[in-house]
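18 is the number that numbering that gives the first Met the number 0 gives to position 19 of the sequence shown; each next residue is one higher, with no gaps.
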Amino acid sequence: MPRLTAGDSAPDFTLPAADGSPVTLSEVLAGAERGAVVYFYPKAGTPGCTTEACDFRDNLGSLAAAGYAVVGISADPPEDIQAFVEAERLTFPLLSDADHAVSDAYGTWGPKTVGERTFDGVHRCTFVIGTDATVRSAQYDVEAHGHVAALRDQLSA
């Protein structure tokens, strides 16, 4: 799976949010002072994804104060994402990439092994994208625990 690196142009996208409304990367960047944190997560409502999403939720104020918007993306259908948003009281957009085209473009879709089972899916990855749509940081296969704290340090948030 090809990966993005710092300096690459971030692929623009339009994806449905949990409520079905379309969200584009270019619109998110236009509304941010310094850029966006775009993170990909494997499955709404699972323990690691819940930890990560709630960590972003709880640190959203400091990231916003530092000038960054946050957007999460998974291959879940919008109705599963909506249930996740409601259950965890998430306050930032979570988007559905059901056909995994955006995940492919960002290099986050590919083979995964859980236990003895191997399958294709979304890898937990995070990108910091500047307002000029340039990738500032590309982090692949991050850990759910402690990831947001490390990101805050990186962004001085």
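Virtual Cβ for every residue (Gly too), placed ideally from N, Cα, C.
A residue is called buried when at least 16 other Cβ atoms come within 10 angstroms of its Cβ; valine 69 meets this threshold and is buried. Fewer than three beta-carbon pairs drawn from the stretch 23 to 34 and the stretch 50 to 60 are found closer than 8 Å, and the two stretches are therefore not classed as touching. Taking the Cα positions, threonine 4 is about 34 Å away from glutamate 85. Taking each of Thr125, Leu154, Ile72, Arg116 in turn and checking the Cα distance to alanine 16, the smallest one comes out for Ile72. Aspartate 75 sits buried, since 16 or more C-beta atoms from the chains shown fall within 10 Å of its C-beta.
A straight-line Cα-Cα distance of about 8 Å links lysine 111 and histidine 122. Put simply, of Gly19, Thr107, Thr45, Phe12 the residue whose alpha carbon is nearest the alpha carbon of phenylalanine 39 is Thr107. Among the bridge pairs identified by DSSP, lysine 111 is matched with Phe118. Short of 6 Å from the beta carbon of leucine 154, and not among the five residues preceding or following it, lie these beta carbons of its own chain, in chain order: Ala65.
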